[in-house]
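Numbering (my numbering), first residue to last: 167 to 364. Everything on this sheet refers to the single structure shown next.
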Amino acid sequence: MEQVASYHLPPQTGAGFTMDAGQVLRIIDPEGEQVADVAAFAREDRREMLSTKRTIDYSGRIYATTGSLLYSNRSRVLFTVVADTAGRHGLLLPPCSPEMFKIMYGAASHPSCLVNLAEGLAPFGIGVDEITETLNCFMNVEVSPDGELTIGVPASRAGDYVDLRAEMDLFIGLTACSAEKTNNGSLKPIDALIFGAG
Ligand SMILES: [Zn+2]
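As structure tokens, this is what we get:
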């Protein structure tokens, strides 16, 4: 595959970019134990976007890995996971937000995936209220039999990656997650590459 773009996200930052159908987005955890959130919107109509809830429903699973299809709110496939060296990516949680840090941790202000996604997607006319559900790459959430969630250490080691093939033309928001708890207490960078179709 021919590499057509690359992105380096320093800790607690994000980026926005476009993908064409057939291109593959490789999201790399260069140091290990770092979550990356992905938001995606159809370029032909931004009201169509990634729906992790529909993805959970159709797959019957709360994690994505190689072979998973990621669906939109209109039940079309946005991505196919074509490779994965980490083995587990979360579908349960929204991007961390300033409000989440306030409600859960009492923080007056804190960097967040939501704000970073909104900044990255603003050039494409996508506002903060439209960013609701994200793929939580490398995130490790366990669910107990009575439904309690435990955020564990990400399963990813240095250099692990996941490849997402775009099944339609997309606007993408990507972050290096800002939440200390999700990333085993240290905030690290995320790298991304885009490979051409075929
Ligand atoms: Zn986050």
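Glycine is no exception: its CB is placed at the ideal position from the N, C-alpha and C atoms. Treat the numbers as computed from the prediction; the structure is a model and nothing was measured.
Of the other Cβ atoms in all chains shown, fewer than 16 fall within 10 Å of the Cβ of Gly233; this residue is therefore exposed. The three-state secondary structure of Asp223, taken from DSSP, is helix.
Using a cutoff of 6 Å, the CB of Ser322 does not count as near ligand 1, since none of the ligand's heavy atoms is closer than that. Comparing alpha-carbon positions, the option among Asn239, Arg240, Thr184 and Leu235 lying closest to Thr246 turns out to be Leu235.
Rounded to whole angstroms, Tyr271 and Leu257 show a C-alpha spacing of 22 Å. The beta carbon of Phe361 lies closer than 6 Å to those of Met167, Gln169 and Val190 in the same chain, with the five residues before and after it left out.
C-alpha of Ala252 to C-alpha of Gln200: approximately 11 Å in a straight line. Cβ atoms of Asn239 and Glu214 come within 8 Å of each other, at about 6 Å.
Leu353 carries a coil assignment under DSSP once its states are collapsed to helix, strand and coil. Rounded to the nearest whole angstrom, the C-alpha separation of Gly182 and Ile292 is 10 Å.
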